[in-house]
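Heads up: the sequence lines are chains S and R, in that order.
According to the working numbering, the first sequence is numbered sequentially starting from 1439.
According to the working numbering, the second sequence is numbered sequentially starting from 105.
Where a beta carbon is used, it is the ideal one built from N, C-alpha and C, also for glycine.
Treat the numbers as computed from the prediction; the structure is a model and nothing was measured.
Let me begin by presenting the structure, written as structure tokens, before commenting on it.
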Amino acid sequence: AQKITQTQPGMFVQEKEAVTLDCTYDTSDQSYGLFWYKQPSSGEMIFLIYQGSYDEQNATEGRYSLNFQKARKSANLVISASQLGDSAMYFCAMREAPKITGGGNKLTFGTGTQLKVEL
Amino acid sequence: EAQVTQNPRYLITVTGKKLTVTCSQNMNHEYMSWYRQDPGLGLRQIYYSMNVEVTDKGDVPEGYKVSRKEKRNFPLILESPSPNQTSLYFCASSLSGDRGLQTQYFGPGTRLLVL
């Protein structure tokens, strides 16, 4: 069974600083996808960034980048130049490979990291 | 406007009284899914559906049922709710496949309290 681990329940960062949110995963699949989502206090889930297991380059989306280290099974999110609006809960998630029988595609989420950006 | 809608948004009920939370999407997505979110546990997938009449269990399916009779709708049914099903529930939809799941659209959430 696949598993996602986020070991930082909460983090503080100063505005304009960079911050790294940790995520490690465990899977026996060769093909999988890794995702990061942001959940502000209003509750909605916002997709941030995606990394495929066969992608050789680290994904980047604006101020977000994903530090993908396949051998270590880690997929850390890096937020550069933090802003007050980045204060939110952040979830790492993994999609397992589709199965020939038609199953798979299940998304497993980590427990989240609460990020607080301070002045 | 592309969206996923859930109803009701808030619900207080009593143990054992059957309830249904509806989910509807207007994007012709194949993939739909239900999650529950609990403090300290993150989001856990309850059931998902790859297409009409195709559903599969997620990580925490016990106590829940789903159906996918139409592409746009994916209701979550609690036949006999119990207090441990008090949670925040999210419905989500996307195109199928890895790239599709990148743009998984989430509904606004349903807060359920079972007394």
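A check of alpha carbon separations from G1471 (chain S) across S:S1479, S:A1456, S:I1442 identifies S:I1442 as the nearest. From the beta-carbon of Q208 (chain R), the residues of chain S found nearer than 7 angstroms are F1485. Here Y151 (chain R) is buried. Its C-beta has 16 or more other C-beta atoms within 10 Å. Judged by DSSP in its simplified three-state form, D142 (chain R) adopts strand. With respect to the 8 angstroms criterion, D1460 (chain S) and N1514 (chain S) are classified as neighbours on the basis of their beta carbons. In this structure, K1476 (chain S) lies away from A1519 (chain S), with their beta-carbon atoms at least 8 angstroms apart. Listed along chain R are S137, Q149, Y152, D160, K161, G162, D163, each with a C-beta nearer than 9 angstroms to that of K1544 (chain S). In this structure, the CA atom of R176 (chain R) is about 17 angstroms from the CA atom of P112 (chain R). Taking a contact as a CB-CB distance under 8 angstroms, the pair G213 (chain R) and T1549 (chain S) does not count as one, their CB atoms being some 18 angstroms apart. Judged by beta-carbon spacing, V170 (chain R) lies beyond the 8 angstroms limit of S186 (chain R), meaning their Cβ atoms are not closer than that value. F1473 (chain S) sits away from A1535 (chain S), with the two beta carbons spaced by 8 angstroms or more.
Shown here, Q149 (chain R) sits in a strand according to DSSP, grouped into three states.
Fully contained in the segment 156–214 of chain R are the following beta strand (DSSP E) runs of length 3 or more, in chain order: 158–161, 180–182, 191–198. Distance from the Cα of P1478 (chain S) is smallest, within the candidate group S:Q1552, S:G1490, S:L1557, for S:Q1552. For T1445 (chain S), there are no C-beta contacts with chain R under 7 angstroms, since the nearest C-beta of that chain is about 13 angstroms from it.
Taking a C-beta distance under 8 angstroms as the contact criterion, R140 (chain R) and Y209 (chain R) do not qualify as a contact pair.
Contact of T1549 (chain S) with chain R by beta-carbon distance below 8 angstroms involves G144, L145, G146. Within 10 angstroms of the beta-carbon of D1464 (chain S) lie fewer than 16 other beta-carbons, which makes it exposed.
Boundaries of the beta strand (DSSP E) harbouring Q1477 (chain S): 1471–1477, taken from the DSSP string. Taking a C-beta distance under 8 angstroms as the contact criterion, P165 (chain R) and V125 (chain R) do not qualify as a contact pair.
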